[in-house]
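Below is one structure, written out as structure tokens, with a few remarks after it.
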Amino acid sequence: METLLFRANWAMVWSLSGLVLTVLVAYPMAHYFPMAVQILAHVGTLLFAVGIKVAYVARLAFLSRLGRPVH
Numbered sequence: 107m108e109t110l111l112f113r114a115n116w117a118m119v120w121s122l123s124g125l126v127l128t129v130l131v132a133y134p135m136a137h138y139f140p141m142a143v144q145i146l147a148h149v150g151t152l153l154f155a156v157g158i159k160v161a162y163v164a165r166l167a168f169l170s171r172l173g174r175p176v177h
């Protein structure tokens, strides 16, 4: 369970990083990228947000299984 908790934590970090990157590409820096990249950035924003949520729920489940406090 410790390994899975570690992976869930890293999944949250990577998802947050991806979310920040796609938001930057999709909105403030959109004029630097072609339309196809902007579309992918918008789709990526949704997918990375879902990734954060799934990783967080997994993290809570693994904390619960380990008997640690779940906040």
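Per our numbering, the very first residue in the sequence shown carries number 107; after that it's consecutive.
Don't be surprised by glycine CBs; every beta carbon is placed ideally from N, CA and C.
Answer with buried or exposed for residue i, where buried requires no fewer than 16 other C-beta atoms within 10 angstroms of its C-beta.
| i | result |
| --- | --- |
| residue 126 | exposed |
| residue 173 | exposed |
| residue 154 | buried |
| residue 147 | buried |
Quick one: grab the DSSP three-state call for residue i.
| i | result |
| --- | --- |
| residue 176 | coil |
| residue 141 | helix |
| residue 162 | helix |
| residue 118 | helix |
Can you name, in chain order, every residue of its own chain whose Cβ lies under 7 Å from the Cβ of residue i, other than the five neighbours on each side?
| i | result |
| --- | --- |
| residue 114 | 161, 164, 165, 168 |
| residue 151 | 125, 128, 129, 132 |
Going by beta carbon distance, what residues of the same chain come within less than 6 Å of residue i, once the five residues before and after it are set aside?
| i | result |
| --- | --- |
| residue 157 | 121 |
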